[in-house]
Amino acid sequence: MDIHEYQAKEVLSNFGVEIPAGALAYSPEQAAYRAREMGGDKWIVKAQVHAGGRGKAGGVKLCENENEIQEACEGMFGRKLVTHQTGPEGKGIYRIYVEAAVPIDREIYLGFVLDRTSQRIMIVASAEGGMEIEDISENRPESIVRSTVEPAVGLQDFQAREIAFKLSIEPGLVQSMVRTLQGCYRAFVELDATMVEINPLVVTGDNRILALDAKMTFDDNALFRHPQISELRDKSQEDPRESRAADRGLSYVGLDGNIGCIVNGAGLAMATMDTIKLAGGEPANFLDIGGGATPERVAKAFRLVLSDKNVQAVLVNIFAGINRCDWVAEGVVQALKEVQVDVPVIVRLAGTNVEEGQKILAKSGLPIIRATTLMEAAERSVSAWQSDNSENKAV
Ligand code: ADP
Ligand code: MG
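Going by the working numbering, 198 is the number at position 177 of the sequence shown; the sequence numbering is gapless.
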């Protein structure tokens with residue numbers, strides 16, 4: 022789960038990371054009022070969307086008086102901000118953060134990620150802040166400092182100091198840099214984050230180290246033990262298909278094609294999507310019903326896939342180990358009886374109780390296209406979708 026910049030800043034500041042003064046607003050008037058309350062003579066108005074690259078896309082504006090703040094906000098509220106990270110549809114702006122503008126001496130990149138190779142939290146930093154990490158690694162790879170943390174002892178002060186030295190932080194600010202690194206590390210571990218990014222972390226003209234931007238991502242599977250974090254979820258920033266699925270305990274990834282996929286297991290989902298492409302089709306989604314799925318769960322998954330208006334055919338591909346083909350078949354039949362389905366449905370079952378599953382499908386009297394192998398299932402899905410589509414066009 023992602024959270025907004027202002028939320029990440031608040032979380033990190035509770036762990037000792039310094040941030041500029043700032044306040045949230047839900048309307049242009051409120052933004053101006055909050056700036057007045059805060060004081061100062063220069064403010065940065067920042068669109069709160071779950072994406073980076075806002076600066077270049079017009080979502081970060083410097084304002085010098087209340088009128089400018091109101092105007093900047095009027096141009097943002099209710100609009101969609103399109104950055105290189107949002108996709109062409111953009112993300113809606115419903116909250117704006119007004120922050121004191123600070124004099125910047127230096128911009129630093131700082132990120133905490135999970136490094137799968139070393140199975141450790143890795144700190145990634147660069148003295149070339151302000152640029153995206155992808156651009157830094159392409160243009161200035163030698164500027165990147167990497168350091169992995171030994172989990173048994175956690176981030177040690179000497180290790181944090183070493184990072185500060187490599188970034189050429191002046192001696193008087195090393196302690197403050199260590200506090201920032203320690204704060205991010207503790208927040209990462211204690212809150213089950215999967216990513217913390219501060220870009221830029223700046224050294225100000227008055228010699229402070231401040232986080233001017235902040236991004237945090239959390240492990241969805243650990244959210245249950247952090248109610249104060251799960252409360253920060255903002256569904257307006259999510260793909261509605263994915264949030265509907267998450268609300269139902271299903272794992273769903275929306276894609277751009279038109280063949281809906283209901284699968285068990287991430288590996289099988291990948292293989293199914295590859296095979297659909299090989300057969301000349303495009304998957305509309307990735308839906309994993311997981312192990313031990315009851316007929317009700319399968320029916321739920323089915324309704325969810327069908328509610329996506331891009332879906333013009335549904336392929337159910339189940340390799341049942343812990344799952345049972347008869348339960349899956351019952352779920353498919355249950356869903357098809359309840360929901361008005363006018364797209365072709367292709368089912369391929371293999372594994373536990375496959376004969377019972379096939380019987381249930383056959384006895385249902387529903388127009389279900391059956392397939393034995395994955396290749397056959399993918400080909401039938403693509404050709405069923407193509408003929409269904411050309412019929413529709415003819416009408
Ligand atoms: P994004 O990464 O989405 O473009 P940032 O929060 O990083 O958004 O803002 C873009 C740029 O705007 C920063 O790199 C920084 O140069 C400038 N900026 C952001 N916040 C402030 C601030 N409070 N004071 C001065 N400059 C700022
Ligand atoms: Mg940034």
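Glycine residues also receive a C-beta, built at the ideal position from the N, C-alpha and C atoms.
Which residues share a DSSP beta bridge with R167?
Your numbering for residue 167 matches position 146 in the sequence shown. In the DSSP assignment, R167 forms a beta bridge with V145.
CB of D227 to nearest heavy atom of the ligand ADP: below 6 Å?
What you label residue 227 is simply residue 206 of the sequence shown in a count that begins at 1. No, since every heavy atom of the ligand ADP falls outside the 6 Å radius drawn around the Cβ of D227.
Assuming A148 and I125 form a contact by the criterion Cβ under 8 Å, report the distance between their Cβ atoms to the nearest whole angstrom.
By 1-based counting over the sequence shown, the position of residue 148 is 127. By 1-based counting over the sequence shown, the position of residue 125 is 104. Wrong, their Cβ atoms sit about 14 Å apart, outside the cutoff.
Proximal residues to I339 (C-beta, below 6 Å), its chain only, five neighbours per side dropped
Taking the first residue of the sequence shown as 1, we reach residue 339 at position 318. Cβ within range, chain order: N285, V349, L370.
Excluding sequence positions up to five away, which residues of its chain have a Cβ less than 6 Å from the Cβ of G113?
Indexing the sequence shown from 1 puts residue 113 at position 92. Cβ neighbours of G113 beyond the five flanking positions: K101, S257.
Relative to the ligand MG, is the shortest distance from any of its heavy atoms to the C-beta of N279 smaller than 6 Å?
Taking the sequence shown and counting its residues from 1, the one referred to as residue 279 is at position 258. Outside the cutoff, so no.
Beta-carbon separation of I280 and L222 under 7 Å?
Here residue 280 refers to the residue found at position 259 of the sequence shown. Here residue 222 refers to the residue found at position 201 of the sequence shown. The answer is no: Cβ separation not under 7 Å.
For D62, count the other beta carbons within 10 Å of its own beta carbon; 16 or more makes it buried, fewer makes it exposed. Which is it?
Start at 1 with the first residue of the sequence shown, and residue 62 comes out as number 41. It counts as exposed.
Is it the case that the Cβ atoms of A334 and A290 are separated by a distance below 7 Å?
In the sequence shown, counting from the first residue as 1, residue 334 sits at position 313. In the sequence shown, counting from the first residue as 1, residue 290 sits at position 269. Going by C-beta atoms, A334 is not nearer than 7 Å to A290.
What number of angstroms, rounded off, separates the C-alpha of Q355 from the C-alpha of A314?
By 1-based counting over the sequence shown, the position of residue 355 is 334. By 1-based counting over the sequence shown, the position of residue 314 is 293. Their backbone Cα atoms lie some 14 Å apart in a straight line.
Entirely within the segment 209-250 and at least 4 residues each: give me those alpha helix (DSSP H) ranges in chain order.
Complete alpha helix (DSSP H) runs here, min 4: none at all.
Determine the burial state of K384: buried for a count of at least 16 other Cβ atoms within 10 Å of its Cβ, exposed for fewer.
In the sequence shown, counting from the first residue as 1, residue 384 sits at position 363. Note on K384: under 16 other CB atoms within 10 angstroms of its CB, so exposed under the neighbour-count rule.
Which residues share a DSSP beta bridge with W64?
Sequence index remark: in the sequence shown, residue 64 carries index 43 (1-based). Looking at the DSSP assignment, W64 forms a beta bridge with C84, A121.
Using only the alpha-carbon positions, how far apart do D295 and T373 sit?
Against the sequence shown, residue 295 aligns to sequence position 274. Against the sequence shown, residue 373 aligns to sequence position 352. Cα atoms of D295 and T373: separation of roughly 24 Å, rounded to the nearest angstrom.
Cα-Cα, which of I24, S34, C94 is closest to Y54?
What you label residue 54 is simply residue 33 of the sequence shown in a count that begins at 1. C94 is the residue among I24, S34, C94 whose C-alpha sits nearest the C-alpha of Y54.
Of the listed residues D234, P316, A322, M396, nearest to S34 (C-alpha basis):
Along the sequence shown, read from residue 1 onward, the residue named residue 34 stands at position 13. Residue D234 is the option with its Cα nearest to S34.
Determine which residues share a DSSP beta bridge with Y130 and list them.
Taking the sequence shown and counting its residues from 1, one reaches residue 130 at position 109. DSSP, once it has assigned bridges, lists S147 as partnering Y130.
Here's a check: name, in chain order, each residue in its chain whose Cβ is nearer than 8 Å to the Cβ of G132, leaving out the five neighbours to either side.
If you number the sequence shown from 1, residue 132 lands on position 111. Around G132: I144, V145, A146, I154, M216, V217, E218, I219, N220.
Other residues of its chain near F209: CB distance less than 7 Å, five sequence neighbours each side excluded
Here the question's residue 209 lines up with position 188 in the sequence shown. Once the five neighbours on either side are set aside, the close Cβ partners of F209 are F133, I142, V217.
Between I65 and the ligand ADP, is the CB less than 6 Å from at least one heavy atom?
Translated into the one-based positions of the sequence shown, residue 65 becomes position 44. Answer for I65: yes, Cβ within range of the ligand ADP.
Proximity to R345 [Cα-Cα], best of G312, E400, A267, Q140:
As a working note, residue 345 is residue 324 in the sequence shown. When only C-alpha atoms are compared, the closest one is G312.
Any heavy atom of the ligand ADP inside 6 Å of the beta-carbon of D234?
Taking the sequence shown and counting its residues from 1, the one referred to as residue 234 is at position 213. Yes, the Cβ of D234 comes within 6 Å of a heavy atom of the ligand ADP.
Nearer than 6 Å: is that true of the beta carbon of G61 relative to any heavy atom of the ligand ADP?
The count along the sequence shown starts at 1 and reaches residue 61 at position 40. Checking every heavy atom of the ligand ADP against the Cβ of G61, none is found closer than 6 Å.
Strictly by DSSP, which residues pair up with L308?
Walking along the sequence shown from the start, residue 308 turns up at place 287. L308 pairs with Y273, I283.
Under a three-way DSSP split, which group does L45 fall into?
Stepping through the sequence shown from its first residue, residue 45 is reached at position 24. The answer is strand: DSSP assigns L45 an E or B state.
Thinking C-alpha only, which one of E183, P261, V170 is nearest R207?
Here residue 207 corresponds to residue number 186 of the sequence shown, with the count starting at 1. For the residues E183, P261, V170, the minimum Cα distance to R207 belongs to V170.
Endpoints, the alpha helix (DSSP H) within which I154 is located:
Taking the first residue of the sequence shown as position 1, residue 154 is located at position 133. Run containing I154: 154-160, per the alpha helix (DSSP H) assignment.
Is there at least one non-hydrogen atom of the ligand MG closer than 6 Å to the beta-carbon of N285?
Locating residue 285 in the sequence shown gives position 264, where the first residue counts as 1. Relative to the non-hydrogen atoms of the ligand MG, the Cβ of N285 never comes closer than 6 Å to any of them.
Would you check whether the ligand MG has a heavy atom nearer than 6 Å to the C-beta of N242?
Counted from its first residue, the sequence shown places residue 242 at position 221. No, since every heavy atom of the ligand MG falls outside the 6 Å radius drawn around the Cβ of N242.
Nearest to N410 by CA position, among E50, A398, V332, is which residue?
Taking the first residue of the sequence shown as position 1, residue 410 is located at position 389. Here the closest residue by C-alpha is V332.
Residues of its chain near S251, where Cβ-Cβ distance is below 6 Å and the 5 sequence neighbours each way are ignored
Walking along the sequence shown from the start, residue 251 turns up at place 230. Correct list, in chain order: L244.
Three-way DSSP call (helix, strand, coil) for A405 in this model:
Reading the sequence shown from its first residue, position 384 is the one you call residue 405. The answer is helix: DSSP assigns A405 an H, G or I state.
Is A123 near the ligand ADP, with its Cβ less than 6 Å from a heavy atom?
Against the sequence shown, residue 123 aligns to sequence position 102. One point to set straight first is that residue 123 is Val, not Ala, in the sequence displayed. Yes.
Helix, strand or coil: which one does DSSP assign to A415?
Walking along the sequence shown from the start, residue 415 turns up at place 394. Note on A415: pLDDT 49, under 50, position unreliable in the model; the coordinate value appears next. The answer is helix: DSSP assigns A415 an H, G or I state.
Does the distance from the CB of D309 to the CB of S264 come in under 7 Å?
Residue 309 sits at position 288 when you count from the first residue of the sequence shown. Residue 264 sits at position 243 when you count from the first residue of the sequence shown. Taking 7 Å as the Cβ cut-off, D309 and S264 do not qualify as a contacting pair.
Just to confirm my understanding: we take S189, look at its own chain, exclude 5 residues before and 5 after, and list those with CB closer than 7 Å. What are they?
Against the sequence shown, residue 189 aligns to sequence position 168. Same-chain partners within the cutoff: A148.
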